[in-house]
Each structure stands twice: as C-alpha cells, then as structure tokens.
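Using the numbering used here, you'd call the opening residue of the sequence shown number 12 and step up by one each time.
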Amino acid sequence: EEKRVAEEIRKLDDLMLDFRTKIRAGERLSEKELEKRLRALGYIG
Numbered sequence: 012e013e014k015r016v017a018e019e020i021r022k023l024d025d026l027m028l029d030f031r032t033k034i035r036a037g038e039r040l041s042e043k044e045l046e047k048r049l050r051a052l053g054y055i056g
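Spelled out as structure tokens, the structure:
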C-alpha cells in the first residue's frame, strides 16, 4: 500500500514539475491540457 501511494505521489510530482517548467518557459497552460494529462494518469474519467 505504501509503495502504491508513493508511486501516485511521484506521478503527481512529475506532472507538477512539468507544468512549472512550462510556465517558467513562458508557456500558457489551459484547463484542457491539465484535464488531458490528469485523464492520461487515470485521475479523471
């Protein structure tokens, strides 16, 4: 159970790091992009 939770946290951390990197580079993130990425990770149906 602990390993599964750690893996989920790692996935979310990687996602947020990617978004922060894009924002710092001047890119704009849309809700659609966020939804697409969360859907790909299985967080929304």
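Glycine included, C-beta positions come from ideal geometry on N, C-alpha and C.
Values in this document were obtained by computation on a predicted structure and should not be read as measured data.
- Excluding five sequence positions before and after LEU52, the CB atoms of its chain that fall closer than 6 Å to its own CB belong to LYS22, given in chain order.
- The Cβ-Cβ distance between LEU26 and ARG50 does not fall below 8 Å.
- Ranked by Cα distance from LYS43, the options GLU18, GLU13, ILE55 are led by ILE55.
- For GLU13 and ASP24, the gap between their C-alpha atoms comes out near 16 Å.
- In this structure, the beta-carbon distance from LEU40 to ILE34 falls below 8 Å.
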